[in-house]
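Accompanying notes for the structure given below.
4 protein chains.
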Amino acid sequence: MVYATADGSALARLRIGMVGGGRNAFIGAVHRFAMRLDDKIALVAGALSSDPENAAASAADLGLAPERSYADYRAMARAEAARPDGIEAVVIVTPNHLHAPIATAFLEAGIDVICDKPLSTTLDEARALVELTAARRRKLLVTLNNTGYAMVRQAREMVASGELGRIVAVHAAYVQDWLTQPIDADGQKQAEWRTDPARAGQSAVLADIGVHAFNLACFVSGQQAETVAADLFTAVPGRRLDDNANVLVRWTGGARGTILASQTSPGHYNDLSVRIYGEKAGLEWRGTEPEALRFSPFGEDSRTIIRGGHGSGAAARRVSRMPAAHPEGYIEAFANLYRDAAEIIQAHRAGAAIDPALSALVPDVTDGARGVQFVAAAVESNAAGGAWTSARFG
Amino acid sequence: MVYATADGSALARLRIGMVGGGRNAFIGAVHRFAMRLDDKIALVAGALSSDPENAAASAADLGLAPERSYADYRAMARAEAARPDGIEAVVIVTPNHLHAPIATAFLEAGIDVICDKPLSTTLDEARALVELTAARRRKLLVTLNNTGYAMVRQAREMVASGELGRIVAVHAAYVQDWLTQPIDADGQKQAEWRTDPARAGQSAVLADIGVHAFNLACFVSGQQAETVAADLFTAVPGRRLDDNANVLVRWTGGARGTILASQTSPGHYNDLSVRIYGEKAGLEWRGTEPEALRFSPFGEDSRTIIRGGHGSGAAARRVSRMPAAHPEGYIEAFANLYRDAAEIIQAHRAGAAIDPALSALVPDVTDGARGVQFVAAAVESNAAGGAWTSARFG
Amino acid sequence: MVYATADGSALARLRIGMVGGGRNAFIGAVHRFAMRLDDKIALVAGALSSDPENAAASAADLGLAPERSYADYRAMARAEAARPDGIEAVVIVTPNHLHAPIATAFLEAGIDVICDKPLSTTLDEARALVELTAARRRKLLVTLNNTGYAMVRQAREMVASGELGRIVAVHAAYVQDWLTQPIDADGQKQAEWRTDPARAGQSAVLADIGVHAFNLACFVSGQQAETVAADLFTAVPGRRLDDNANVLVRWTGGARGTILASQTSPGHYNDLSVRIYGEKAGLEWRGTEPEALRFSPFGEDSRTIIRGGHGSGAAARRVSRMPAAHPEGYIEAFANLYRDAAEIIQAHRAGAAIDPALSALVPDVTDGARGVQFVAAAVESNAAGGAWTSARFG
Amino acid sequence: MVYATADGSALARLRIGMVGGGRNAFIGAVHRFAMRLDDKIALVAGALSSDPENAAASAADLGLAPERSYADYRAMARAEAARPDGIEAVVIVTPNHLHAPIATAFLEAGIDVICDKPLSTTLDEARALVELTAARRRKLLVTLNNTGYAMVRQAREMVASGELGRIVAVHAAYVQDWLTQPIDADGQKQAEWRTDPARAGQSAVLADIGVHAFNLACFVSGQQAETVAADLFTAVPGRRLDDNANVLVRWTGGARGTILASQTSPGHYNDLSVRIYGEKAGLEWRGTEPEALRFSPFGEDSRTIIRGGHGSGAAARRVSRMPAAHPEGYIEAFANLYRDAAEIIQAHRAGAAIDPALSALVPDVTDGARGVQFVAAAVESNAAGGAWTSARFG
């Protein structure tokens, strides 16, 4: 279906397929809400489950043509690559350990990739994906989705424009309560695979939520981790992987800070936050109140910048659908990322130049690899008694 | 397109048309975001603007088939009623004064109606619509959209289940700042028609936002206004209609309270709130933090119930897409209303029974008329020096 | 005891006596905390209870000389007036109905008065006190104590300096929960007299807390009530007086607004708030977070001014003891009022000129009478079916 | 002056002297506000400044008898020890490096000591004070004053009573902005000595505020630091000592956590906070809103316990002067500590038994020494590249 865009240009919706995300899955549905919101993406194929029955039923739920519902992602990559109306990009929403092999299969088939975080469970896989993406000149984007929030983008814009001056400190945290009790031992599906080293990787808490806090800190501050010193621990006896991480970070630009992650903190459901301090001002953002950005120029009282309000800048306005205080939330942020990802992928496939300012807004394979590197460095530091360990990727 | 629903049943997407909502309109786009989210509705026709050029361009933007883009709502009602694949329902998102005539045209054509608030600008029109809807055995639903918020529904459920005991006080308010300056006199489009008696009705502030506060109070408390005593005023010299309203309310169940509305209050963008007190507990909800419901059982400290969290009840869970603290917002609430509206209309058209519990969740023509009655009563009371005036509809 | 002040001048502590405030009383102890904080006041005499035994024991608790503990306020006024070291001022902290007779006795004895609110239970008494104070050229100050908060004073200063422009709306509320259940019927002492018409006056809720909200609105806005339209009601069956009041107010300067008071609202302990909107900016203050003032210049995002912080003005700095975010609270605000009251009374007794800017900070007999007038007007309006009723004093 | 207490017993006010705290000093005045509030303490002597002129003038300000104003603390210790009405305790409010020598002088003179934090600038001094206090059987109490907050005590009580279950994580932070710019280089008095190694000790930020966060964490959790790994840094070029500290902590009971301290974070004036998570519940308290304690039992929504409110326990009620939502603040908390300190010292001097539950509420010389040990361990860890370093005292 081709239709005119608001600015008059004709634009086809991006044709997308999904691997994972069948019935009973969690994050796949989130991706679909996000894809739908702006009507720029058409979900037309899927290998929605490794269980053939679930795959077929899930495809029917979503109105996929039966012949484009696949039981196997390799078959899907082959078949879709061969179709004239085949998918242009695939979304990977499986458990962590499958991200790399699936991404590899589609990249090799010439299909661009949108992959959930973490990019992979091992650093070797991450490095290989960076190389493969470059070699094949394809796009691999990672749904480190908090970068889609309007006020996160405003924060990034304010830092980049120098409103904070030299950055001195960068802290981020992601705190949850859902693993406070040993539900993984009791067979709860989401908990079970996330705490299994074979599917989650070397660290459960960092792979699952720590990478979000880390990426958020990087995205807003414009800095990367130089070295880390980590204390990882398991609060719940018998759990196979860590569920808490306290990590000291020295950032590339000279700032210091912390990345904290916990899945056993009653009182916090999904409490993601970032605080950045410069010599001229401080900024705070919290995912539980995503519409607000607390901005504190030194020497003045703090102000609360509201998305869509008087203090919203260009970066926030670009992704605002609603007026101020008609709250946008998690799905809208995710949809912002999808809209930008679709634009990048379409431009890339059309051979058009991509605005670097746009590219910088959507985490790519290198950003994903940095997250994997961060996890690996923290695990290594923890094993070495908290020694400062390099976290630079590349 | 027919596809299987999650529970295995086959269900067509509801075919819908839209009147109003072309380029540069505000609320039409909001409705479209809401329709898309759950993929249960197909927008297939429209008379998107009274300006033919805008109508056509807007239809193209949305991928409507050119032959189903109409320059005139009457032509649309006729043509769609005649098509075998014609729309099942129309969404009306025009200025207030057109709601009643457009709704009338579609109801008479046998097409169900989803109408933005207020239902009409006069009480006579509202009464006529109630009668017409009944006479034609059609559905006319009103997008008093705050009823779609998960925690508003939870609040209603808690009141209904007796957790607050006998209700003693009900207060609601809707406070904005956007008309603090005379932008209507300067020709700002949204401000201009909303302060024009010919298009907005007898009261600007009550028709535009007061009805939201009023409906929210009714919906949560389960009560209606018995009498009102109102002080309406215009803060900005020269404005043609009021921009502030302070209204005392005596509710049917014996409770008392206030409905406040202001469009000239710096510091508030869209600050909708409701507070309900019973002999056993109090409840507060605020649209700027829609995911939280403050619940205060007398004799205990207040707790903050978070959508999706440990204290979420059945009514909230039914409309939760995301886990707790992955915030849902205005669009999601609107989408909840659309999903329920679609279910009601489809069942009605199929001749199936509609669960009264579901019907009660979606404001209908009577609820819309109650809002118009509330505005009329407040205007009358104000004119009569604040005398207590009946606000009962029917 | 005479000692040097910080600026080198010699200053005696103000000699004060107290009527009421014995063991088991509530507000007397608050006054004593406030008097002590700055060490500018010496409590040297008292008629602390009408029960002689309680009076003596209470005096001993406080280290009063036994001969200056009186069983009767009239005896105290006579005796203290006759002593060369007699009290310079008396503090009245009895139930409401005794305020006027006690104040009268001390004024007639040439002793200045600091009286708790409300000034009196009848308007006639209030008028008589205004006249008597003027006739005797004495000071009668009223501990409408919220005027002592640093950020309330900053708010007043900002309004007075024009930062809000012309004032358009003024709202205040005082919401409590403590009378949610019929504890007055069960004999709870504080509840019992406050709901007794003979001791509390015509309205319980307005005399007890409504006058605080009203005074706060007046103090900050610099306006007085012109007319009111009131809905008073009793939430708890069988209670002898009202426990809820919703009052519409038209202010002298043309602004409109509301004064709400409730003692039956679970979730609110002592929730006093004021919101003021001008054509240029809005201000909000809340007694539960007294260190913060929310300031919203139109066209900018809201900022939170913190006492002692970068945005604190002269009025707040003058009464700040602690740096920002070392919170000051209710006692400190009360102490600010006492310090200013003592300075006014000492200057007055010394025949010195009193800075009008200082006088304006401490509610006097006229301010107290305005509160009584407000209560009387609301009661009258309520009885007259909510008719607009003059609330101007004098 | 001897007077009867509320319970009928006769009790003299504790006679106290002060070293430091003259004109232009900061914390001395805070101590005096705290002493006055409950009228249980008489300030009767002082060596208020090392500058004799300032000392005399400051003493006159406070109404001290001239002969009890000393220019030298050693002279004061000697003279007061010799007077029959000499001071029973001395309060030390000088720069850090003088704490130990002054405390030593008074302890040796048989006078009990109330010392501001940190106990000393070196660990050797701290150890010597612990020994001296024991040898002389005297009391040395440390005004780690956050332990005086009602809701901090409630938090401690809840942890101790097992409401959180086994403690898993303990985090505390103290964040300020006042050293964001190089005001120490510009000669600001408070900044100048606090960043001078000779007067502040090895770490500025930890000695000044880090010890508060650390003590708060210990007091509430009932745990001590086992080992620490620290990253200390100086945000402002040229500053002589650190102004930021990020410290990982492993606690004695097996919990992990962090202590963060910063003096260069715009947006935070005095932002002290503690978060404690157990296997059954979480608790959060923040010094900027000291009246509230957020309590989150796992499996329920969070509730906000308000001092004086329905959920206040015995520990909070014991130190509540005001009803709920008449906020108490920093001075009241400090006064709570003073009232308990006075009771401990008076009982000790009278040879009476001291309730261990009371003793545990007031930090003593060992608690002070633990803070010094914490600072020393963090400095050592930082110097050793963040190696885990023992922080156990004794």
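Protein chains in written order, with my numbering: chain A, 9 to 402; chain X, 9 to 402; chain R, 9 to 402; chain F, 9 to 402. All C-beta atoms in this analysis are idealised placements derived from N, C-alpha and C, irrespective of residue type, glycine included.
In chain R, which residues lie less than 7 Å from residue 311 (chain A) when you measure between Cβ atoms? What residue 311 (chain A) touches in chain R: 309, 310, 311.
So if DSSP puts residue 179 (chain F) in a beta bridge, which residue, or which two residues, is it bridged to? As DSSP reads the structure, residue 179 (chain F) sits in a beta bridge with F:266, F:283.
Sequence-distant residues of the same chain with beta carbon closer than 6 Å to residue 346 (chain R), five excluded per side: Excluding sequence positions up to five before and after residue 346 (chain R), its CB lies within less than 6 Å of the CB of 42, 43, all in the same chain and listed in chain order.
Within 9 Å (strictly less), CB to CB, does residue 193 (chain A) reach chain F? Closer than 9 Å: no.
Would you say residue 252 (chain R) faces chain X, with C-beta separation under 9 Å as the test? So, interface residue.
If the criterion is Cβ atoms closer than 9 Å, does the pair residue 283 (chain X) and residue 192 (chain X) meet it? It is not a contact, given that the beta carbons lie outside the stated cut-off.
Whose Cβ in chain R lies nearer than 8 Å to the Cβ of residue 278 (chain F)? For residue 278 (chain F), the residues of chain R that pass the 8 Å Cβ criterion are 331, 332, 333, 334, in the order they occur in the chain.
Would residue 126 (chain R) be called buried (16 or more neighbouring beta carbons within 10 Å of its own) or exposed? By the 10 Å Cβ count, residue 126 (chain R) comes out buried.
Within 9 Å of any Cβ in chain F, is that where the Cβ of residue 202 (chain R) sits? No, its Cβ sits nowhere closer than 9 Å to a Cβ of chain F.
Would you report the Cα separation of residue 338 (chain F) and residue 198 (chain F), rounded to the nearest angstrom? The alpha-carbon separation between residue 338 (chain F) and residue 198 (chain F) amounts to approximately 20 Å.
Close-in-space but distant-in-sequence residues of the same chain around residue 263 (chain R) (CB under 6 Å, 5 per side omitted): Closer than 6 Å at the Cβ level, and outside the excluded window around residue 263 (chain R), lie 175, 176, 177, 178.
Alpha-carbon to alpha-carbon, residue 227 (chain R) and residue 258 (chain R): Taking the straight line joining both Cα atoms gives about 15 Å.
Roughly how many whole angstroms lie between the Cα atoms of residue 195 (chain F) and residue 208 (chain F)? Going from the Cα of residue 195 (chain F) to the Cα of residue 208 (chain F) covers about 15 Å.
Which whole runs of the beta strand (DSSP E) in the segment 167-217 of chain X are 3 residues long or more, in chain order? As far as the segment 167-217 of chain X is concerned, its whole beta strand (DSSP E) runs of at least 3 residues are 175-183.
I'd like to know whether the C-beta of residue 403 (chain R) is nearer than 9 Å to at least one C-beta of chain F. Limits of chain R in this structure are 9 at one end and 402 at the other, which puts residue 403 (chain R) out of reach.
Using C-beta distances below 7 Å, list every residue in its chain close to residue 17 (chain A), excluding the 5 sequence neighbours before and after it, in chain order. Because residue 17 (chain A) carries a pLDDT of 41, less than 50, the predicted location of this residue cannot be relied on, and no value is offered for it.
Could you tell me how far apart the beta carbons of residue 296 (chain A) and residue 188 (chain A) are, in whole angstroms, since I believe they sit closer than 8 Å? Not really, about 18 Å apart at Cβ, beyond 8 Å.
CA-CA distance, residue 13 (chain X) and residue 300 (chain F)? Because the pLDDT at residue 13 (chain X) is just 40, under 50, the model does not fix this residue reliably, and the value given afterwards should be weighed accordingly. For the pair residue 13 (chain X) and residue 300 (chain F), the Cα-to-Cα distance works out to about 47 Å.
Which two residues bound the contiguous alpha helix (DSSP H) that contains residue 227 (chain F)? 219-229 is the span of the alpha helix (DSSP H), which, as asked, contains residue 227 (chain F).
Own chain residues within Cβ distance below 6 Å of residue 185 (chain R), not counting five before or after: Around residue 185 (chain R): 273, 274, 276.
Return the residue from the list R:312, R:401, R:92, R:101 that minimises the CA-CA distance to residue 150 (chain R). Minimum Cα distance to residue 150 (chain R) is reached at R:101.
Can you name the start and end residues of the beta strand (DSSP E) that residue 28 (chain R) belongs to? Counting along the chain, the unbroken beta strand (DSSP E) around residue 28 (chain R) starts and ends at 22-28.
For residue 291 (chain R), which of helix, strand or coil comes out of DSSP? In the structure shown, residue 291 (chain R) sits in a strand (DSSP, three-state: E or B).
Can you tell me the Cα-Cα spacing of residue 313 (chain F) and residue 290 (chain F), whole angstroms? Note on geometry: alpha-carbon atoms of residue 313 (chain F) and residue 290 (chain F) lie some 13 Å from one another.
On the premise that residue 148 (chain F) lies in contact with residue 131 (chain F), defined as a C-beta separation below 8 Å, what is that separation, rounded to the nearest angstrom? Rounded, the Cβ-Cβ distance is 16 Å, inconsistent with contact.
Rounded separation between residue 219 (chain A) and residue 379 (chain A) - CA only: If I take the Cα positions, the gap works out to 5 Å.
How is residue 401 (chain F) classed by DSSP in three states: helix, strand or coil? DSSP places residue 401 (chain F) in coil when its eight states are reduced to three.
If the criterion is Cβ atoms closer than 9 Å, does the pair residue 84 (chain X) and residue 54 (chain X) meet it? Less than 9 Å divides the Cβ of residue 84 (chain X) from the Cβ of residue 54 (chain X).
Rounded separation between residue 334 (chain A) and residue 316 (chain A) - CA only: In a straight line, the C-alpha of residue 334 (chain A) is about 9 Å away from that of residue 316 (chain A).
Taking the beta strand (DSSP E) that residue 305 (chain R) falls in, what are its first and last residues? First-last of the beta strand (DSSP E) with residue 305 (chain R): 300-305.
Cutting at 6 Å between CB atoms, please list the residues of its own chain near residue 11 (chain X), excluding the five before and the five after it. Residue placement at residue 11 (chain X) is flagged as unreliable, the pLDDT there being 38, under the threshold of 50; the coordinate-derived value follows with that caveat. Cβ within range, chain order: n/a, list empty.
Would you mind giving the Cβ-Cβ distance between residue 115 (chain A) and residue 141 (chain A), rounded to the nearest angstrom? I have them listed as a contact below 8 Å. So it is a contact: roughly 6 Å between Cβ atoms.
Neighbourhood of residue 117 (chain X) by C-beta, 8 Å cutoff - its chain only, sequence neighbours within 5 removed: Closer than 8 Å at Cβ, skipping near neighbours: 85, 86, 88, 89.
Only counting the same chain, and skipping five residues up and downstream in sequence, which positions put a Cβ closer than 7 Å to that of residue 330 (chain X)? Excluding residues within five positions, the ones whose Cβ falls inside 7 Å are 316, 336.
Our contact map puts residue 51 (chain F) next to residue 353 (chain F) with C-beta atoms below 8 Å; I'd like the distance itself, whole angstroms only. With a Cβ gap of about 14 Å, residue 51 (chain F) and residue 353 (chain F) do not count as contacting.
First through last residue of the alpha helix (DSSP H) which encompasses residue 36 (chain X): Per DSSP, residue 36 (chain X) belongs to the alpha helix (DSSP H) from 35-45.
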